[in-house]
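In our numbering, the protein residues as written are 41 to 203.
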């Protein structure tokens, strides 16, 4: 249990940014111009824990990148890419699920996530989130993006919902 357990008991829908949350926000490019990213395998197990407690979730990414789609497919996560207006998507999906924004969590790390972090009831950022968005979070995770922050969030929600 964490000090955020009362907050996390309310989560019914969780939305994740991709770059800087599932990744450490770095990209490797080889001599052919092909990109590579690194991920924490533990995040996938964390998402399964959300399944166990009935939490719906979604990845929303500004960038359209085949690596994002491949990782989301492997994790069996609904993923929308190339989304300029993330907040409209979050509102629409929450409404479709019958969930209020107050009971929606958003995990984001940068200024293009600010509108979502302001709008939801459970705004969360990784430990290494951009300084401009850190004050918008109710919870700053102890782990940085790409290094288990998704797992940290999911485990805490799972624990709070099971209590």
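Positions of the beta carbon are idealized from the N, C-alpha and C atoms, including for glycine.
Treat the numbers as computed from the prediction; the structure is a model and nothing was measured.
Look at the Cβ atom of residue i, then the Cβ atom of residue j, and state whether they are nearer than 8 Å.
i: residue 95; j: residue 52; result: yes
i: residue 123; j: residue 202; result: no
i: residue 181; j: residue 193; result: yes
i: residue 89; j: residue 168; result: no
i: residue 120; j: residue 159; result: no
i: residue 117; j: residue 146; result: no
i: residue 189; j: residue 166; result: yes
i: residue 71; j: residue 200; result: no
i: residue 86; j: residue 191; result: yes
i: residue 115; j: residue 84; result: yes
i: residue 226; j: residue 57; result: Not covered by the structure: residue 226. The range shown for the chain is 41 to 203.
Using DSSP bridges, identify the partner residues of residue i.
i: residue 163; result: 146
i: residue 96; result: 53
i: residue 180; result: 165
i: residue 68; result: 76
i: residue 119; result: 99
Measure how close the beta-carbons of residue i and residue j come, nearest whole angstrom, since I'm counting them as under 8 Å.
i: residue 179; j: residue 44; result: 5 Å
i: residue 101; j: residue 59; result: 7 Å
i: residue 149; j: residue 67; result: Actually they are not in contact, since the Cβ atoms of residue 149 and residue 67 sit about 15 Å apart, beyond 8 Å.
i: residue 131; j: residue 98; result: Not a contact, Cβ separation roughly 12 Å.
Pick out whichever of the options has its Cα sitting closest to the Cα of residue i.
i: residue 156; options: 186, 97 and 141; result: 141
i: residue 75; options: 106, 84 and 98; result: 106
CA-CA distance, residue i and residue j?
i: residue 139; j: residue 151; result: 25 Å
i: residue 55; j: residue 129; result: 10 Å
i: residue 187; j: residue 80; result: 6 Å
i: residue 111; j: residue 103; result: 14 Å
i: residue 173; j: residue 143; result: 20 Å
i: residue 78; j: residue 137; result: 31 Å
Comparing the C-beta of residue i with each C-beta of chain D, is any distance below 8 Å?
i: residue 111; result: Given the protein chain composition of this structure (a single chain), no chain D is represented.
Does the Cβ of residue i lie closer than 7 Å to at least one heavy atom of the ligand FAD?
i: residue 156; result: Ligands in the displayed structure: none, and consequently the ligand FAD is not present.
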